[in-house]
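*Asks:* Below is a structure I'd like to ask you about.
2 protein chains.
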Amino acid sequence: MSITTTTFRTHNCGELTANNIGQTVTLCGWMDVKRNHGGVIFVNLRDLYGVTQVVVKPENPVFKSAEDLKSEYVLKVTGKVSARPGANANKGMPTGEIEVEAGSLDVLNVSQPLPFELSEHAGVNEDTRLTYRFLDLRMPRMAKNLVLRSRLSQVVRNYLYALDFNEIETPMLTRSTPEGARDFVVPSRNNPGRFYALPQSPQQFKQVLMMSGMDRYFQLARNFRDEELRSDRQPEHTQIDLEMSFVDEQDIAHVVEGMMQAVFAHISEEISGPFPEMEFSDVMLKYGSDKPDLRYGLEIKDCSDIFKTSAFKVFSETLAGGGVIRAIKGEKGASFSRGDMDKLTDLAKKHGAKGLVWLRFKDGKFESPTLKFMTEVELAALKAMLSVGEGDAVFMAADKPAAAASCLGALRNELISRLKPAQIKKWAFLWVRHFPLLEKDAESGNWTFTHNPFTAPMPEELHKLDTDPGNVRSCQYDLVLNGVELGSGSVRNHTRALQEKIFALMGYDKEQVQRRFGMIVNAMDYGAPPHGGIGIGYDRLIGIICGTDSIRDVIAFPKTTSGACLMSEAPSTLDERQLKELHLKIEA
Amino acid sequence: MSITTTTFRTHNCGELTANNIGQTVTLCGWMDVKRNHGGVIFVNLRDLYGVTQVVVKPENPVFKSAEDLKSEYVLKVTGKVSARPGANANKGMPTGEIEVEAGSLDVLNVSQPLPFELSEHAGVNEDTRLTYRFLDLRMPRMAKNLVLRSRLSQVVRNYLYALDFNEIETPMLTRSTPEGARDFVVPSRNNPGRFYALPQSPQQFKQVLMMSGMDRYFQLARNFRDEELRSDRQPEHTQIDLEMSFVDEQDIAHVVEGMMQAVFAHISEEISGPFPEMEFSDVMLKYGSDKPDLRYGLEIKDCSDIFKTSAFKVFSETLAGGGVIRAIKGEKGASFSRGDMDKLTDLAKKHGAKGLVWLRFKDGKFESPTLKFMTEVELAALKAMLSVGEGDAVFMAADKPAAAASCLGALRNELISRLKPAQIKKWAFLWVRHFPLLEKDAESGNWTFTHNPFTAPMPEELHKLDTDPGNVRSCQYDLVLNGVELGSGSVRNHTRALQEKIFALMGYDKEQVQRRFGMIVNAMDYGAPPHGGIGIGYDRLIGIICGTDSIRDVIAFPKTTSGACLMSEAPSTLDERQLKELHLKIEA
Chain B
1 MSITTTTFRT HNCGELTANN IGQTVTLCGW MDVKRNHGGV IFVNLRDLYG VTQVVVKPEN
61 PVFKSAEDLK SEYVLKVTGK VSARPGANAN KGMPTGEIEV EAGSLDVLNV SQPLPFELSE
121 HAGVNEDTRL TYRFLDLRMP RMAKNLVLRS RLSQVVRNYL YALDFNEIET PMLTRSTPEG
181 ARDFVVPSRN NPGRFYALPQ SPQQFKQVLM MSGMDRYFQL ARNFRDEELR SDRQPEHTQI
241 DLEMSFVDEQ DIAHVVEGMM QAVFAHISEE ISGPFPEMEF SDVMLKYGSD KPDLRYGLEI
301 KDCSDIFKTS AFKVFSETLA GGGVIRAIKG EKGASFSRGD MDKLTDLAKK HGAKGLVWLR
361 FKDGKFESPT LKFMTEVELA ALKAMLSVGE GDAVFMAADK PAAAASCLGA LRNELISRLK
421 PAQIKKWAFL WVRHFPLLEK DAESGNWTFT HNPFTAPMPE ELHKLDTDPG NVRSCQYDLV
481 LNGVELGSGS VRNHTRALQE KIFALMGYDK EQVQRRFGMI VNAMDYGAPP HGGIGIGYDR
541 LIGIICGTDS IRDVIAFPKT TSGACLMSEA PSTLDERQLK ELHLKIEA
Chain Z
1 MSITTTTFRT HNCGELTANN IGQTVTLCGW MDVKRNHGGV IFVNLRDLYG VTQVVVKPEN
61 PVFKSAEDLK SEYVLKVTGK VSARPGANAN KGMPTGEIEV EAGSLDVLNV SQPLPFELSE
121 HAGVNEDTRL TYRFLDLRMP RMAKNLVLRS RLSQVVRNYL YALDFNEIET PMLTRSTPEG
181 ARDFVVPSRN NPGRFYALPQ SPQQFKQVLM MSGMDRYFQL ARNFRDEELR SDRQPEHTQI
241 DLEMSFVDEQ DIAHVVEGMM QAVFAHISEE ISGPFPEMEF SDVMLKYGSD KPDLRYGLEI
301 KDCSDIFKTS AFKVFSETLA GGGVIRAIKG EKGASFSRGD MDKLTDLAKK HGAKGLVWLR
361 FKDGKFESPT LKFMTEVELA ALKAMLSVGE GDAVFMAADK PAAAASCLGA LRNELISRLK
421 PAQIKKWAFL WVRHFPLLEK DAESGNWTFT HNPFTAPMPE ELHKLDTDPG NVRSCQYDLV
481 LNGVELGSGS VRNHTRALQE KIFALMGYDK EQVQRRFGMI VNAMDYGAPP HGGIGIGYDR
541 LIGIICGTDS IRDVIAFPKT TSGACLMSEA PSTLDERQLK ELHLKIEA
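Residue numbers (the numbering used here), protein chains in the order written: chain B, 1 to 588; chain Z, 1 to 588.
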């Protein structure tokens, strides 16, 4: 017996095989396709689990009502499972060996004519799909995404429970902290003028849980950010959030690597560990990005030394001013036209470069508008350093290190997209480690945290906090998969003295720290253990696994980029009574 | 090797036994208790998993720092596991056979003097406990509650996954529906004057998931209600929410009963199924409550027939006016004093009764202020009906059926509390079925839903919708455990015509239905399957299992009854910039 058996049905529409031939079964589902072949009606009955062919013969009393069936009518069919005649068996369909000869056929519900053909939903305007999400989700592609999302969440939970983690629910109605992204806020009717905030992450509560002795915490947590939306952003998103006591960076990495191996094993993909890891400074040098897509090679090389005596003014002045010259090879990029090269130059400029030097290697020699500024020795050294071969192109940026990195990083992505180089691996995980603890805030000129105000400095760099805070590396790490920043975590500060020292560097006095972060610094006063953790974007992870560019395809009821739910028409206006009870007035 | 092994520690504080004797181990944890016995220091080191005794001998270089240890210091101890000398073994402690002879001892963090003795936390003012929740949660009683809550959530998930359910996350930022309890709302910065609402339950979205073909949905969902709070209410609470397609009431009951059996099996309690079920009308008659505590007998009896010729004016007038006379026995209640009886009478009046008739059966005969109004025949019949024995008391209410039920139901609870009758069973589950579909709204005089506007009428009572809507029974059921309403569910309407008809009875025209419930009625237009489900209060369930009266004891970071988080000081004020961005002004 199937576990979906109910008083309504004996089987689902995806499970009958030749083993069931001769049985009388009852199925429920939706009228997917109907064909009338020489007086016999064939109905494809669909549910979440599959499709079964139902046959209604002309002599059947329900034949007339079968003729009237329309798309998406809800049916209950009782009948006998029989073998499909040899030639009609459909090997491509799990239930293709059999069909059900309808005895009775009940219409449980009807449907209006559909706003779009369901089988063509992927081509429909997304607003229409979101307005009729209940139809969109009936399509196997979408349903499979949601089922896989659901099943993988259980894989994650089973894995973490086996490692003694406990899932602990942290509050959704929390306190607003003006740092970081904008909070969504919730007026408190019982406390006029006061507001809760929806959590941007359970960060502070999970640290307090470590200080509460809970040892290993996780949560598939809903997080909220009131930001401008993009295709990979939603106002609410789900995070695999975890935190552990008495650990270092490597302990946390092992837990996360094992989790990813378990998740990918579920989709029959083997992931080997430990994952490669790079220092933040190295990854910026080699790939010009803190989230490089390492499915591909395309390493950036520093060729400053090659050009240290260059007569090319752009190069010599850059080097004299403390800048660098870096290059990346585009394999088979010699096919780029002048027009292509102009577009790539524009892209480099958009990412802060003053310009882009390019060379094509054709018929055994370089060609470039700037060829005349380079010596044979320099060109030979460049060719050797980048292993330039026939038909390749080389792109060079001469700039301050950060600008050269950013411009060649963007160029690298564009070369991958245009040249489609061979993948070195299918799933390229990478740990990027030891981000700077602090950076200058562009607006105020103060030091501010790069990721998280609670991140610990690397112990061996503590002494630089007083003398050179901008060069203190931290225990902050990102997990990158296929060029997407999947998660971010750190080992945290666990003493109040160090936490206050870092806040002081950011310009907060003790009173401000107490007011804004009182909960966590108070808890640090009473025996906070060393601890650390990570938050991993679950929507993004599932999006990558499902092979979609839009996380809206892996969320049941997503919002549009303007934050609207087209199906429920949220957000909506409140009535006067509600506003009055909340002591609020709308300002134009 | 323990699964909590990290670079910091080799074992946790709860797992070392005689099998580990001779091993060198490293433990981390909190200084729980320190004793100095004749120059040897014994430290109880505590973590989530247990307590291990650490011994520091006077010749040890760390002896001096061990002397300085204070409560809740965080320690890392490396040393050798040795047997406790025979007489010192502690059989009551899982690690009682061994102790760890400290080699090295590192203080990982210190603690300020504590605001209260942790071991006495249960006696501390709850506001203090909530302010220092990170200390409160370190106590084994609280930590065990959270761990059990976590583990049982995984039992629930494993059970539902095995039955082909999928956990699907529904939105937290939804649309406000002015029906029912008050919504918490969230202003939308991008849509000035518009608000999201936090969900009171995923009700509409889970029904839409059924209409999306998702077949079997569940979610451990966070729900929000802006109500006046009580000890069993929190502004946010967790619900095991589930919905199934192609099911009837019994299918849903089987799933829930199996779930409860799995949950209780985890705490070694056997629950037998199917659970008893009663019609709503019967349960009100027999127990005067729709959530009776059936761990106890104490059935209410209707004795109207016995008194149909009564000369007692209170009785005869009640019966003549369509009222009833009902009685309940309090075993050993004859010990109640006059003062007790007055208090019970006050309770009855508070619950809407005009008064309470009581009798004591002592020395083989009844005594009562109203004895003179009753005949020997009546008393004999009453005695037989209630099986009154020596030392028992009888309480009677003469009133309209609803008032008699409500008053004797309240009295029943009070008798259970005062007389402490023997429990018939430890875990008394009960299904209460077929609540009325509609009731009169006290304020407007209109029909309104008793539980949920989407509940289906019983099919056999559909014809009464036009003629006698107040007497239409519905497919609405409550699950009761030990006198607590644990959950509420129903089979839903799945056709738009029936749903609109019921809304029409409540006074909503089509335009209002479209505006307020557009999402769900639109989805009903396109092939909605028959479906039903339930939502089960997870905090309450865990509270009952943990044996606490306050759900705050099973929630990591609860709010006070005024909706405040004393630890994070939420809710808080916003700064002017935030208010301005949200286009809001606070009204005094």
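The beta carbon of each residue, even a glycine, is placed where N, CA and C say it ideally should be.
So which residues on chain B does residue 128 of chain Z lean against when the C-beta distance must stay under 8 angstroms?
*Replies:* Within the second sequence, numbered from 1, the residue matching residue 128 of chain Z stands at position 128. The contacting residues do not exist; residue 128 of chain Z stays about 13 angstroms from chain B at best.
*Asks:* Is the beta carbon of residue 161 of chain Z less than 7 angstroms from the beta carbon of residue 262 of chain Z?
*Replies:* The count along the second sequence starts at 1 and reaches residue 161 of chain Z at position 161. The count along the second sequence starts at 1 and reaches residue 262 of chain Z at position 262. Their beta carbons are not under 7 angstroms apart, which means residue 161 of chain Z does not touch residue 262 of chain Z by this criterion.
*Asks:* Would you identify the three-state DSSP class for residue 407 of chain B, choosing helix, strand or coil?
*Replies:* Counting from one through the first sequence, the residue named residue 407 of chain B turns up at place 407. Looking at residue 407 of chain B - three-state DSSP - the assignment turns out to be helix.
*Asks:* Taking the continuous alpha helix (DSSP H) assigned at residue 350 of chain B, which residues delimit it?
*Replies:* Locating residue 350 of chain B in the first sequence gives position 350, counting from the first residue. Segment 338-350, the alpha helix (DSSP H) holding residue 350 of chain B.
*Asks:* In chain order, what residues of the stretch 179-205 of chain B put their CB closer than 9 angstroms to some CB of chain Z?
*Replies:* Listed in sequence order: 182, 183, 184, 185, 186, 187, 188, 189, 190, 191, 192, 193, 194, 195, 196, 197, 198, 204, 205.
*Asks:* Under 7 angstroms between the Cβ atoms of residue 234 of chain Z and residue 571 of chain Z?
*Replies:* Against the second sequence, residue 234 of chain Z aligns to sequence position 234. Against the second sequence, residue 571 of chain Z aligns to sequence position 571. Not closer than 7 angstroms, so no.
*Asks:* What residue range does the alpha helix (DSSP H) around residue 592 of chain B cover?
*Replies:* Chain B is shown from 1 up to 588; residue 592 of chain B falls before or after that span and cannot be answered.
*Asks:* For a contact meaning CB atoms closer than 9 angstroms, what does residue 9 of chain Z contact in chain B?
*Replies:* Taking the first residue of the second sequence as 1, we reach residue 9 of chain Z at position 9. Within 9 angstroms Cβ-Cβ: 246.
*Asks:* Could you tell me whether any Cβ in chain B is nearer than 7 angstroms to the Cβ of residue 585 of chain Z?
*Replies:* Taking the first residue of the second sequence as 1, we reach residue 585 of chain Z at position 585. Taking Cβ atoms only, chain B reaches closer than 7 angstroms to residue 585 of chain Z, which makes this a yes.
*Asks:* Just to confirm, are residue 563 of chain B and residue 190 of chain Z a CB contact at a threshold of 7 angstroms?
*Replies:* Within the first sequence, the letter at position 563 stands for residue 563 of chain B. Within the second sequence, the letter at position 190 stands for residue 190 of chain Z. Contact: yes.
*Asks:* If we call anything under 7 angstroms between Cβ atoms a contact, is residue 329 of chain B one with residue 388 of chain B?
*Replies:* As a working mapping, residue 329 of chain B is identified with position 329 in the first sequence. As a working mapping, residue 388 of chain B is identified with position 388 in the first sequence. Taking 7 angstroms as the Cβ cut-off, residue 329 of chain B and residue 388 of chain B qualify as a contacting pair.
*Asks:* Just the C-alpha distance for residue 112 of chain B and residue 211 of chain Z, rounded to the nearest angstrom, thanks.
*Replies:* Stepping through the first sequence from its first residue, residue 112 of chain B is reached at position 112. Stepping through the second sequence from its first residue, residue 211 of chain Z is reached at position 211. If you take the alpha carbons of residue 112 of chain B and residue 211 of chain Z, they lie about 14 angstroms apart.
*Asks:* How would you list, in chain order, the residues of chain Z whose beta-carbon sits under 9 angstroms from the beta-carbon of residue 72 of chain B?
*Replies:* Here residue 72 of chain B refers to the residue found at position 72 of the first sequence. Chain Z residues near residue 72 of chain B: 526, 527.
*Asks:* Which chain Z residues sit within Cβ distance under 8 angstroms of residue 146 of chain B?
*Replies:* To locate residue 146 of chain B, count along the first sequence from 1; it is residue 146. Those are 166, 168, 214, listed as they occur along chain Z.
*Asks:* Quick test of the definition: if touching needs 3 or more C-beta pairs under 8 angstroms, does the stretch 521-536 of chain Z touch the stretch 487-504 of chain Z?
*Replies:* Touching, per the Cβ criterion.
*Asks:* Which stretch, first to last residue, makes up the beta strand (DSSP E) that contains residue 546 of chain Z?
*Replies:* Position 546 of the second sequence, counting from 1, holds the residue named residue 546 of chain Z. Unbroken run through residue 546 of chain Z is the alpha helix (DSSP H), 538-546; no beta strand (DSSP E).
*Asks:* Is the shortest distance between the beta-carbon of residue 28 of chain B and the beta-carbons of chain Z less than 7 angstroms?
*Replies:* Residue numbering aside, residue 28 of chain B sits at position 28 when the first sequence is read from its first letter. Residue 28 of chain B counts as touching chain Z.
*Asks:* Which of the three DSSP states, helix, strand or coil, is assigned to residue 88 of chain Z?
*Replies:* Along the second sequence, one-based indexing puts residue 88 of chain Z at 88. Three-state result, residue 88 of chain Z: helix.
*Asks:* What does the Cβ neighbour count give for residue 16 of chain Z, buried or exposed, with the cut at 16 atoms within 10 Å?
*Replies:* Position 16 of the second sequence holds residue 16 of chain Z. Under this definition residue 16 of chain Z is a buried residue.
*Asks:* How do the stretch 87-95 of chain B and the stretch 116-136 of chain B stand: do at least 3 beta-carbon pairs fall below 8 angstroms, yes or no?
*Replies:* Too few Cβ pairs lie closer than 8 angstroms, so no.
*Asks:* What does residue 208 of chain B touch in chain Z if you count any residue whose Cβ is under 7 angstroms from its own?
*Replies:* As a working note, residue 208 of chain B is residue 208 in the first sequence. Residues of chain Z passing the Cβ test: 134.
*Asks:* By the three-class DSSP mapping on this structure, what secondary structure does residue 520 of chain B have?
*Replies:* Residue numbering aside, residue 520 of chain B sits at position 520 when the first sequence is read from its first letter. Note: residue 520 of chain B maps to helix in three-state DSSP.
*Asks:* Which residues of chain Z have a Cβ atom closer than 7 angstroms to the Cβ of residue 546 of chain B, listed in chain order?
*Replies:* Reading the first sequence from its first residue, position 546 is the one you call residue 546 of chain B. What residue 546 of chain B touches in chain Z: nothing, since even the nearest Cβ is about 15 angstroms away.
*Asks:* How long is the line joining the alpha carbons of residue 264 of chain B and residue 147 of chain B, rounded to whole angstroms?
*Replies:* As a first step, residue 264 of chain B is located in the first sequence; it is residue number 264 there, counting from the start. As a first step, residue 147 of chain B is located in the first sequence; it is residue number 147 there, counting from the start. Approximately 15 angstroms between the Cα atoms of the pair.
*Asks:* In the DSSP output, which residue or residues are listed as bridge partners for residue 174 of chain Z?
*Replies:* Numbered from 1 along the second sequence, position 174 holds the residue referred to as residue 174 of chain Z. In the DSSP output, where bridge partners are listed per residue, residue 174 of chain Z has Z:197.
*Asks:* Mind listing which residues of the stretch 102-128 of chain Z have their C-beta closer than 8 angstroms to chain B's C-betas, in chain order?
*Replies:* Residues passing the 8 angstroms Cβ filter: 108, 109, 110, 111, 112, 114.
*Asks:* Taking Cβ positions only, does residue 573 of chain Z come closer than 7 angstroms to chain B?
*Replies:* Position 573 of the second sequence holds residue 573 of chain Z. Yes, contact with chain B.
*Asks:* Quick one: grab the DSSP three-state call for residue 9 of chain B.
*Replies:* Position 9 of the first sequence, counted from the start, is the residue given in the question as residue 9 of chain B. Coil at residue 9 of chain B, not helix or strand.
*Asks:* If I measure Cβ to Cβ from residue 523 of chain Z and keep anything under 6 angstroms in the same chain, skipping five residues before and after, which residues do I get?
*Replies:* Within the second sequence, residue 523 of chain Z is the residue found at index 523, counting from 1. Excluding positions up to five away in sequence, the list reads 208, 211.
*Asks:* Taking the alpha carbon of residue 546 of chain B as the point to measure from, which residue in B:37, B:144, B:28 has its own alpha carbon closest?
*Replies:* Mapped onto the first sequence, residue 546 of chain B falls at position 546. Selected option, being the one with the closest Cα: B:144.
*Asks:* Which one of Z:428, Z:58, Z:12 has the shortest CA to CA distance from residue 94 of chain Z?
*Replies:* Taking the first residue of the second sequence as 1, we reach residue 94 of chain Z at position 94. Closest by alpha carbon: Z:12.
*Asks:* For a cutoff of 7 angstroms on Cβ pairs, would you count residue 557 of chain Z as touching chain B?
*Replies:* Translated into the one-based positions of the second sequence, residue 557 of chain Z becomes position 557. Yes, contact with chain B.
*Asks:* Tell me where the alpha helix (DSSP H) around residue 234 of chain B begins and ends.
*Replies:* What you label residue 234 of chain B is simply residue 234 of the first sequence in a count that begins at 1. Careful: residue 234 of chain B lies outside any alpha helix (DSSP H) and carries neither H nor E.
*Asks:* Residue 424 of chain Z: buried (16+ other C-beta within 10 angstroms of its C-beta) or exposed?
*Replies:* Residue 424 of chain Z sits at position 424 when you count from the first residue of the second sequence. When all chains shown are included, residue 424 of chain Z counts as exposed.
*Asks:* Please name the residue in B:341, B:165, B:342 whose C-alpha comes closest to that of residue 150 of chain Z.
*Replies:* The residue labelled residue 150 of chain Z in the question sits at position 150 within the second sequence. That would be B:165, whose Cα lies nearest to the Cα of residue 150 of chain Z.
*Asks:* Which word fits residue 121 of chain Z, buried or exposed, when buried means at least 16 other C-beta atoms lie within 10 angstroms of its C-beta?
*Replies:* Counting from one through the second sequence, the residue named residue 121 of chain Z turns up at place 121. Burial call: buried.
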